[in-house]
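Numbered per my numbering, the sequence shown spans residues 624 to 726.
Note that the Cβ used here is the ideal one computed from N, Cα and C, for glycine as well.
Worksheet: one structure, shown below.
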Amino acid sequence: MRLLLRFREAVSSKQYAVTGDYSKPEVVGNDSDVWTVIGKSGNTIKVTFGGVGCGNKGSLVDGASHKWWVYNMADKVAVKLSGSQTVKANTYPVTLHIAEYQA
Numbered sequence: 624m625r626l627l628l629r630f631r632e633a634v635s636s637k638q639y640a641v642t643g644d645y646s647k648p649e650v651v652g653n654d655s656d657v658w659t660v661i662g663k664s665g666n667t668i669k670v671t672f673g674g675v676g677c678g679n680k681g682s683l684v685d686g687a688s689h690k691w692w693v694y695n696m697a698d699k700v701a702v703k704l705s706g707s708q709t710v711k712a713n714t715y716p717v718t719l720h721i722a723e724y725q726a
């Protein structure tokens, strides 16, 4: 499983910030880039995200103590399995929070 994100719109910022689905504290910690995704039939997998051919440019913490990772606007980010897992056939909805970022 892999989800690839890339921005194609013209924006004024040169960077964006991304974090996992922190709206569910039971499945992701505030300071983590690994979280549990629950499939529609109840199966679970652990996923992470990261730059494709690039590293993050740093991180920041918002007012609610959630950690965000910063990437350049042209960087691609992929969601992928975290470690070796057995993945049962299912639909796994993945949520990322992405925001334009200016230092």
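Use the C-beta contact count for residue i: other C-beta atoms within 10 angstroms, 16 or more gives buried, fewer gives exposed.
| i | result |
| --- | --- |
| threonine 642 | buried |
| valine 660 | buried |
How is the beta strand (DSSP E) around residue i delimited, first residue to last?
| i | result |
| --- | --- |
| valine 657 | 657-661 |
| leucine 719 | Taken as a continuous stretch (DSSP letters only), leucine 719 belongs to no beta strand (DSSP E), as it is neither H nor E. |
| valine 700 | 700-704 |
| lysine 690 | 690-695 |
Rounding to the nearest angstrom, what Cα-Cα distance links residue i and residue j in this structure?
| i | j | result |
| --- | --- | --- |
| asparagine 679 | glycine 662 | 28 Å |
| valine 710 | alanine 687 | 32 Å |
| alanine 697 | serine 682 | 17 Å |
| glutamine 725 | proline 716 | 29 Å |
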